[in-house]
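Shown next, in C-alpha cells, is the structure this report addresses.
This is the structure we're talking about:
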C-alpha cells in the first residue's frame, strides 16, 4: 500500500536553531514529491516539487532534498514566521489515479523568538 | 489576481441537511479536486475532475456529490448520508490531471451539529 509518513509530528525550535523535517514514502513508482506549508485555518501553500533522487531545491531558509526512500526539509536559522504545518505529498506514476496526491499527516513547526 | 476561491469560510448546518460548498478558480486549470482535512490526519481525496462534465470518486466519496458544469467551478455537496461531515474542506486545481503541482484554495470549515 502506498504510504507517506512524516516525522516528527511536532517540532519546537528556538529562533536560529536549524533542523530538518522528514518525509518517508513507500510507493512502487514515484512521479513527484511535494512540500507544502499550511498556516492555521488556511489552505496549503505550494513550496517545492522534487522529481528524482539527488535533487535539491531551495527557497529562502528552506531546502528540500530527495532520496529513493525519503525527503528532508531543512530549515536553516528559522524565524518565528516559519511556524506552520509542513505537509509532504507524493504522486505515483501508475494506476488509474495518476496525478492524485497521497499526503502525510504533516509536521507542526513552532519557532520561538 | 489568479487563484482559487472557496466560500463561505465557515459554515454551520444542522444534522440531516444537505450543504453545498463553493469552489471557483480563474487559473484556466482543467483539473479540480476536493479534499477533506481532519485533525491528526493527512488530506484525503473526495472527488476529482479532469474536464467539464466529468468527475471521478476519490478515496472517501461516500456521502458526497459534485458537479462540473463549468471549467471554473466545482461545487461539493455534503449530503445527509455523510456520517461525520464536520471537517475542513479544501479545493485544489492543477493545469491538467497528472500535472505536477496542485494549488489550493483557502478552505471551508464545516460544522454540523
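Residue numbers (our numbering), protein chains in the order written: chain A, 1 to 113; chain B, 114 to 226.
For every residue, glycine included, the Cβ atom is placed at its ideal position computed from N, Cα and C.
### Message
Strictly below 7 angstroms CB to CB, what residues from chain A border residue 219 (chain B)?
### Response
42 and 43
### Query
What is the C-beta distance between residue 32 (chain A) and residue 91 (chain A), in whole angstroms, given that I count them as a contact (C-beta under 8 angstroms)?
The pair is a contact, with the Cβ atoms about 5 angstroms apart (cut-off 8 angstroms).
### Query
Cα-Cα, which of A:100, A:68, A:15 and A:30 is closest to residue 156 (chain B)?
A:100
### Message
Quick check on this structure: which residue in A:9, A:3, A:68 and A:86 has the alpha carbon closest to the alpha carbon of residue 47 (chain A)?
### Response
A:86
### Message
The beta strand (DSSP E) that contains residue 177 (chain B), what's its start and end?
### Response
177 to 179
### Query
Roughly how many angstroms lie between the CA atoms of residue 24 (chain A) and residue 107 (chain A), to the nearest whole one?
12 angstroms
### Message
Looking at the secondary structure, which residues open and close the beta strand (DSSP E) in which residue 53 (chain A) lies?
### Response
Premise fails: residue 53 (chain A) is in no beta strand (DSSP E) and is neither H nor E.
#### Entry: residue 146 (chain B), enclosing beta strand (DSSP E) - first and last residue
144 to 150 is the span of the beta strand (DSSP E), which, as asked, contains residue 146 (chain B).
### Query
For residue 195 (chain B), which residues of its own chain have a beta-carbon under 8 angstroms away from its beta-carbon, when the five flanking residues on both sides are left out?
175, 176 and 177
### Message
For residue 185 (chain B), report the span of its beta strand (DSSP E) as first-last.
### Response
From DSSP, residue 185 (chain B) is part of no beta strand (DSSP E); its letter is neither H nor E.
### Query
What residue range is occupied by the uninterrupted beta strand (DSSP E) comprising residue 77 (chain A)?
Residue 77 (chain A) -> no beta strand (DSSP E), and no H or E assigned at all.
### Query
For the stretch 78 to 93 of chain A, which residues have a beta carbon sitting closer than 8 angstroms to at least one beta carbon of chain B?
87, 89 and 91
### Message
So for residue 38 (chain A), helix, strand or coil by DSSP?
### Response
The answer is strand: DSSP assigns residue 38 (chain A) an E or B state.
### Local conformation of residue 105 (chain A) per DSSP, three classes
coil
### Task
Check whether the Cβ of residue 32 (chain A) lies closer than 7 angstroms to any Cβ atom in chain B.
Against chain B, the CB of residue 32 (chain A) has a partner CB under 7 angstroms away; the residue lies at that interface.
### Query
Helix, strand or coil: how does DSSP classify residue 22 (chain A) here?
In the structure shown, residue 22 (chain A) sits in a strand (DSSP, three-state: E or B).
### Message
Taking 6 angstroms as the limit between beta carbons, can you name the residues of its chain near residue 184 (chain B), skipping five residues before and five after?
### Response
Around residue 184 (chain B): 165.
### Message
For a contact defined as C-beta to C-beta under 8 angstroms, what are the partners of residue 154 (chain B) on chain A?
### Response
105
### Message
Within 8 angstroms, do at least three Cβ pairs link the stretch 50 to 62 of chain A to the stretch 5 to 14 of chain A?
### Response
no
### Under 7 angstroms between C-beta atoms of residue 142 (chain B) and residue 207 (chain B)
yes
### Task
Consider the Cβ of residue 203 (chain B): report whether some Cβ of chain A lies at a distance smaller than 7 angstroms.
yes
### Query
DSSP on residue 27 (chain A), reduced to helix/strand/coil?
coil
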